[in-house]
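Numbering (this note's numbering), first residue to last: 1 to 237. We treat Cβ as the ideally placed atom computed from N, Cα and C, and that holds for glycine.
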Amino acid sequence: MTKINLILLILTVLTGFVKCQNSCPYSKSSINGASATFYSAMDNGNCGYGLLTGPTGPGNYLICALGTKLYQNGAQCGQCFKISNSNGSSVTVMATDSCNDAGYCQRDNHFDLSPNAFSILGLQSKGVLDGLSYVKVPCAVTGNVKVMMKDGSNAYWTSFLIFNSAINIKQVSIKLSGSSQFVNLTQTTYNYWPTNINSGSFQVGIYSISGQFISITIPSVESSKIIDTGKQFTSSC
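In structure tokens:
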């Protein structure tokens, strides 16, 4: 192998490594000093997923409500967290709700877990677990990213729930019939993306926090309708 070919090979390997690293939007460094409590009224949380085992839910009860600071006004809805204790036990949960109570929920890194998730990390009799650590991870979802138009949607207005995404959502946009460009929407604290609408078909654009983009054409507004985008966000995490 010539020296030039060797250099090209090294550069190719290094470039591939950088791309691989950049394609994972999550840090592998754990955040320490987290705490956890647990709660039982888990369905119909603030992230808008309804029944956890329903058509828009994660399909299981390994979930959490995020403390006020972690919740970030809904921006962390659908994000998965791997939480670990000092004994080496860990559990991965999806954020489906917010925890706004005074006290523990106002800590910087607090999780209000489902009883099932809490029990993996410690005895429920303890009530509160301190000294935990966590990292953000992709969600182990099945199938594609999906969109639901909110109940009450009509010919002039709708609001989108984006769910079943392996990677957290950064932005949702819409390109209306007759328009040449996408317009960014604003996420609500209950995890919907509302917009005014006009007649005809429209496109919904979904951006992941890793920079990937999914676009789906919807022929018309239909209240509570679920649309499969046919695609899923990926990562090298």
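Hey, how far is the Cα of residue i from the Cα of residue j?
i: Val128; j: Ile31; result: 18 Å
i: Cys99; j: Phe118; result: 15 Å
i: Thr96; j: Gly48; result: 8 Å
i: Ile243; j: Ser215; result: Lying before the first or after the last residue shown, residue 243 is absent from the chain, which here runs from 1 to 237.
i: Cys77; j: Asn168; result: 8 Å
i: Gly122; j: Asp108; result: 21 Å
i: Phe81; j: Lys126; result: 22 Å
i: Gly143; j: Cys64; result: 22 Å
i: Pro176; j: Val221; result: In the sequence as presented, Pro is not what sits at residue 176; that position holds Leu. Roughly 12 Å between the two C-alpha positions.
i: Ser179; j: Gly33; result: 49 Å
Report the option in the options whose CA atom is closest to the CA atom of residue i.
i: Ser89; options: Cys80, Ile120, Lys69; result: Ile120
i: Gln203; options: Ile218, Thr189, Ile209; result: Ile218
i: Val172; options: Gly152, Asp151, Val145; result: Val145
i: Val135; options: Ser179, Gln212, Pro115, His110; result: His110
i: Asn154; options: Asp112, Phe213, Met94, Lys225; result: Lys225
i: Ser114; options: Thr92, Ala102, Lys231, Asp151; result: Thr92
i: Asn85; options: Gly178, Asp130, Lys170, Tyr207; result: Asp130
Please check the pair residue i and residue j, which I expect to be a contact at CB under 8 Å, by giving their CB distance rounded to whole angstroms.
i: Ser35; j: Leu132; result: 6 Å
i: Val147; j: Ile227; result: 5 Å
i: Cys237; j: Cys105; result: That pair is no contact at about 28 Å.
i: Tyr190; j: Asn44; result: At roughly 11 Å, the Cβ-Cβ gap does not stay under 8 Å, so Tyr190 and Asn44 are not in contact.
i: Pro138; j: Ser235; result: 5 Å
i: Asn116; j: Tyr39; result: With 8 Å as the limit, Asn116 and Tyr39 do not qualify as a contact, their Cβ atoms being about 12 Å apart.
Identify, in the order they occur along the chain, each residue of the same chain with its Cβ nearer than 6 Å to the Cβ of residue i, setting aside the five sequence neighbours on each side.
i: Pro194; result: Ser159
i: Val141; result: Asn164, Ala166
i: Ser199; result: none
What residues in its chain sit with their C-beta under 7 Å from that of residue i, if we drop five residues either side in the sequence?
i: Lys170; result: Tyr207, Ser208, Ile209
Go through its chain and collect everything with a Cβ distance to residue i's Cβ below 8 Å, but skip five positions before and after it.
i: Ser201; result: Ser177, Thr217, Ile218, Pro219, Ser220
Inspect the CB distances between the segment 177–188 and the segment 62–72 and report whether three or more fall short of 8 Å.
-> A contact between stretches requires three or more CB pairs, one per stretch, nearer than 8 Å, and the segment 177–188 fails this requirement with the segment 62–72.
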